[in-house]
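Single-structure report; data block below.
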Amino acid sequence: MPLLEPDPDILRPVSRPAAPAPDRVGAELADGTPEPLRGELVALLGADKVLTKVSDLVRYASDASPYRFLPRVVVVAQDLDDVSAVLSYAHGRGREVVFRAAGTSLNGQAQGEDILVDVRRHWAGIEVLDDGARARIGPGTTVVRANATLSRYGRVLGPDPASAIACTLGGVVANNASGMTAGTTRNSYRTLASLTFVLPSGTVVDTADPEADALLALAEPALCEGLLGLKAEIEADPELVARIRAKYEIKNTNGYRLDAFLDGSTPVEIMRGLMVGSEGTFGFISEVVFDTLPLDRHVTTALLFFPSLPAAAAAVPSFNEAGALAVELMDGNTLRASVSVEGVPADWATLPRDTTALLVEFRAPDTTAQEAYERAARAVLTTLDLVRPVASVTNDFTRDPKTIGGYWKARKAFVTAVGGSRPSGTTLITEDFAVPPSRLAEACESLLELQTRHGFDAAVAGHAAHGNLHFLLAFDAGDPGDVERYAAFMDEFCRLTVERFDGSLKAEHATGRNITPFLEIEWGERATGLMWRVKQLIDPDGVLAPRIVLDRDPRAHLRGLKTIPKVELIADPCIECGFCEPTCPSQDVTTTPRQRIVLRREMTRQPAGSPVEERLLDAYGYDAVDTCAGDSTCKLACPVGIDTGAMMKDFRHARHSPREERVAAFTARHFAVVEASARLAVAAADRISDRLLTAVTRGVRRAVRPDLVPEWLPGIPGAAPRTLPRTSRAGATAVYYPACVNRIFGGPDGQRSPSLPEAVVAVSSRAGRPVWIPSDVSGTCCATIWHSKGYESGNAVMANRIVEAAWAWTEGGRLPLVVDASSCTLGIAHEVVPYLTPANGALHRELTIVDSVVWAAEELLPHLTIHRTVGSAVLHPTCSMRHLGDEAPLRTVAEACADEVVVPEDAGCCAFAGDRGMLHRELTESATRKEAATVTARDFDAHLSANRMCEVGMDHATGQRYHSVVWELERATRPGPPD
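Read in the numbering used here, the sequence shown has 628 at position 577, and its numbers run on one by one without any break.
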């Protein structure tokens, strides 16, 4: 064991429920997957594809639903051969299989109790067909990622669920998820051109293959005969046919798509329809081909406030008739809860109780059509009695993208904003249903009365244009009385929806587990019986996803409910939605933010010192704390702003010994010496072979602790010049602060002069905006070094030092402080604040901190002449830029320097995180894999970013040499012949 290995016991939960939770993992699974299951799957697939630790099972046991089922093993399938092998194994052993991609489903359909197959990690990708008219997409591709590619062709997918940032196309099709604008005409069932799927038997079917029916008849003759027999039986019953057609006139994802038998004429066509919304119970969808839709870029939107819910609902038909693509409803409780979302006006918290809003959006292909829509919208407005109960309300239509984005952010955060404000320790259930749009107001009033009568907080939102409403229920799943209260509500709600409104019990979230007992109430005995027969025909051995969609247990919706024990305050609001996961650098190497919280909750469920808790603690140090990049992009993705990165930094601090904290504070107080020594060490290392340095540092890491000693990586840049450029304070328009990383490390190997500080000084002077570098910058730092590692004492020392120095340099904030590394800009502008003394906090508020990229785009570029450009440049926007909102200026500067600028669609945090990529190189290698594939797929003339260590990380990932976009700007504007 390394000398300074931290004690896992430090991370043991400090508070627990009075009694161990009823849904805690049993001690019999403390060692993970039992034999012979473990050994047999490892032998079949290889150890790298089989996850067996109890921590693996726990982190896959939760999703966005209120249910929690622990798999016995997790398989990370890489290809169809793996999927077929697992299905064959399950058939031969009488086992069950559930497929899981993003885990954003809300009804438990991505959870299993035996073999769980991860089909996200290796199943992403998009191929654009027919100039964007169609797209072939892997099931692990998120909706946002697919649309990013399609937008270049002016196209978009039809389904647009609120979870588009995280949900994957396999799940969207398997649940027939629709969203804000899809309705019944743009959903997967209507826009899916073809799909490839694997039946439970292992037969692979590509519905686009002209020979598909012949091949299926040879492979599965009984299935083909049975499908055609069911089709004939349904079509022979006119009353049933009419009922099926009527059920899909409004949004409906409850049960199987029986209209597939009416719309398809061959077995393959029928299966193509049945697979949509089948929730993984009929087979695995390995590829989908969508017919795409035009991306109408001319958008006009309004957020309109009404005095009551009935008044808002009454306005919906008028906007539908005017051509609105989306009409979204938010009641008062929803609006008030949304203030927890960044950017939502704070005065919404004081909105009157009955206030209701409609988010109305028109999208047009050109300005002529847009103006026509706006005239129609204004005509509708003249007929409405709107209210302006708080100052931020305008009730105006707007074309401003930022304003429109804010409206949609508030609307899409319904589940997480309202759910995040639920009482601590309660489980959240998200329900959705649909009624005929003409009865929307009546359904809203009935729902709110029902929620109130059963003691639930009343809140409703939804896709009003389609009569589709959403509501939330929060209760204590560990309290039998509270569970019965939920059960009583569901019984009454389901009967109300069906018997009074003839509605759909699931409009877009799919049946899952929590509506299975009520399927027959909606569909009747005849149709429900047919669904059971379809399942028996396609999956006669019941291998796939048993108890999902169909379950004869009348209390199935109460089985497996998830308790939510209280954990650290910063993470306690988490509803495990998974929106954070696609942005997380460690998602494919260890754990995600959601999983870090899920594991924490399981520790809290356990009795103190239980075998399960001990195993979880043993794994948590590396899997959660050490391999968190600390970039906090999870906070940006989380609708309620949970910063799991900050929680991991707190845990790092907790693991530090008092001696480590003292050493860290000492380095902060004597940083001038540390900085000079570091530069000398880098200069010396430049004369020693990379192989020797790597071997030495690896040996030290083994002896001391991998999370303390960086590993030397080939290609680390050499030392910076010993002196900074000479500048004059007189006439300076800004104070220039070269970050310590740019005072220690030089530019890429082979990069000609100038250094980055020299380039910033030169290009600023050239633009008539001269900058001044103080003579005493050495020994100061943005404090990120200590902040990222959780050294609070050292962080406080340096945070206060840099603010005091900056205040003096800038003459009390008269001049802006320009910082040449984006992470350092973020550190000085924001991250130092909690560690400042009250006096220094006051000084900080007087400072103006400007990133060098923003300085270049806004202050320099308008005054510069471009003398030369490169043909092409690829950009790496850093995570700090995302926090600062500086991605657009980065592109602006790059476009001045290059004829073509490319930002890879998979660009994300590089996870180098100062030196974390040297502490855990596997983290950066995993985080950059997709982005690097784009970068290395073609030649670029320049590789640009704006943070030295991120540039080093991308150097390591791509084999190219990244440098600052400001350096490139200096080169582009330098008078004289090309260099």
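By construction, the Cβ of each residue, glycine as well, lies at the ideal position given by its N, Cα and C atoms.
Which of the three DSSP states, helix, strand or coil, is assigned to residue i?
| i | result |
| --- | --- |
| M1042 | There is no way to answer for residue 1042, as the model of the chain reaches only from 52 to 1030. |
| P358 | coil |
| L167 | strand |
| S826 | coil |
| V390 | helix |
| R577 | helix |
| L764 | coil |
| D58 | coil |
| F150 | strand |
| V869 | strand |
| D533 | helix |
| A847 | helix |
| V786 | strand |
| E113 | Checking the sequence, you will find Ser at residue 113 rather than Glu. Of the three classes helix, strand and coil, the one that applies to S113 here is strand, per DSSP. |
Can you check DSSP and say which residues form a bridge with residue i?
| i | result |
| --- | --- |
| V814 | For V814, which the question treats as bridged, DSSP gives no partner whatsoever. |
| Y118 | L612 |
| E338 | T247 |
| L524 | I480 |
| R414 | V350 |
| N519 | A485, H514 |
| L102 | V125 |
| A949 | V921 |
| L409 | L355, L380 |
| P345 | R206 |
| F796 | A770 |
| E320 | In the DSSP output, where bridge partners are listed per residue, E320 has none listed. |
| L180 | R185 |
| T193 | T219 |
| Y1013 | H994 |
| V901 | V869 |
| S555 | A485 |
| D674 | Answer is none; D674 lacks a bridge partner. |
| T449 | T352 |
Leaving out the 5 sequence neighbours to the left and right, which residues in its chain are closer than 6 Å to residue i when beta-carbon positions are compared?
| i | result |
| --- | --- |
| W1018 | L807, A810 |
| I188 | I177, A197, L220, V339 |
| Y240 | N227, V327 |
| R450 | T351 |
Just to confirm my understanding: we take residue i, look at its own chain, exclude 5 residues before and 5 after, and list those with CB closer than 7 Å. What are they?
| i | result |
| --- | --- |
| V733 | G769, A770, I795, F796 |
| H505 | R536, A539, F540 |
| I321 | L278, K282, A311, F312, G315 |
| Q1011 | V986, H994 |
| W823 | T778, S779, R780, A783, V786, Y787 |
Closer than 8 Å to a non-hydrogen atom of the ligand COA - does that hold for the CB of residue i?
| i | result |
| --- | --- |
| I336 | You won't find the ligand COA in this model; it holds no ligand whatsoever. |
Kindly list the residues whose CB is nearer than 8 Å to the CB of residue i, restricted to its own chain and excluding five residues on each side of it in sequence; keep chain order.
| i | result |
| --- | --- |
| S829 | A723, E726, A727, R794 |
| C545 | L556, I566, F569, I572, E573 |
| N303 | A485, S555, K557, A558 |
| M52 | Its pLDDT being 42, under 50, M52 is placed unreliably by the model, and nothing is read from it. |
| V126 | L92, L96, K100, V101, L102, D133, V137, I166, L167, V168, D169 |
| A365 | A492 |
| S826 | none |
Is the stretch 328 to 337 close to the stretch 422 to 434, with three or more CB pairs under 8 Å? no
Would you check if there are 3 or more beta carbon pairs closer than 8 Å linking the stretch 155 to 167 to the stretch 115 to 126? yes
Closer than 8 Å is the cut-off here; do at least three beta carbon pairs connect the stretch 387 to 407 with the stretch 699 to 710? no
Are the stretch 490 to 501 and the stretch 518 to 526 touching by the rule of at least three beta carbon pairs closer than 8 Å? yes
Count the CB pairs spanning the stretch 134 to 148 and the stretch 573 to 587 that are closer than 8 Å, and state whether there are at least three. no
If contact is defined by three or more beta carbon pairs under 8 Å, each pair taking one atom from either stretch, is the stretch 903 to 911 in contact with the stretch 662 to 679? no
Taking only runs that begin and end inside the stretch 219 to 299, name each unbroken alpha helix (DSSP H) of 4 or more residues, in chain order. 220 to 226, 239 to 242, 263 to 270, 272 to 286, 289 to 298
When the Cβ atoms of the stretch 621 to 638 are set against those of the stretch 683 to 690, are three or more pairs found closer than 8 Å? yes
Say whether the stretch 821 to 836 touches the stretch 850 to 865, bearing in mind that this needs 3 or more beta-carbon pairs closer than 8 Å, one atom from each stretch. yes
Three or more C-beta pairs closer than 8 Å, one from the stretch 438 to 449 and one from the stretch 370 to 383: is that the case here? no
For the structure I just gave you, are there three or more beta carbon pairs, one from the stretch 248 to 261 and one from the stretch 210 to 220, closer than 8 Å? no
Three or more C-beta pairs closer than 8 Å, one from the stretch 73 to 80 and one from the stretch 645 to 657: is that the case here? yes
Below 8 Å, how does it come out for the stretch 865 to 876 and the stretch 993 to 1007: are there three or more Cβ pairs, yes or no? yes
Examine the Cβ distances between the stretch 207 to 215 and the stretch 341 to 349 and report whether three or more of them are shorter than 8 Å. yes
Check whether the stretch 604 to 617 touches the stretch 468 to 480, counting contact only when three or more Cβ pairs, one atom from each stretch, lie closer than 8 Å. yes
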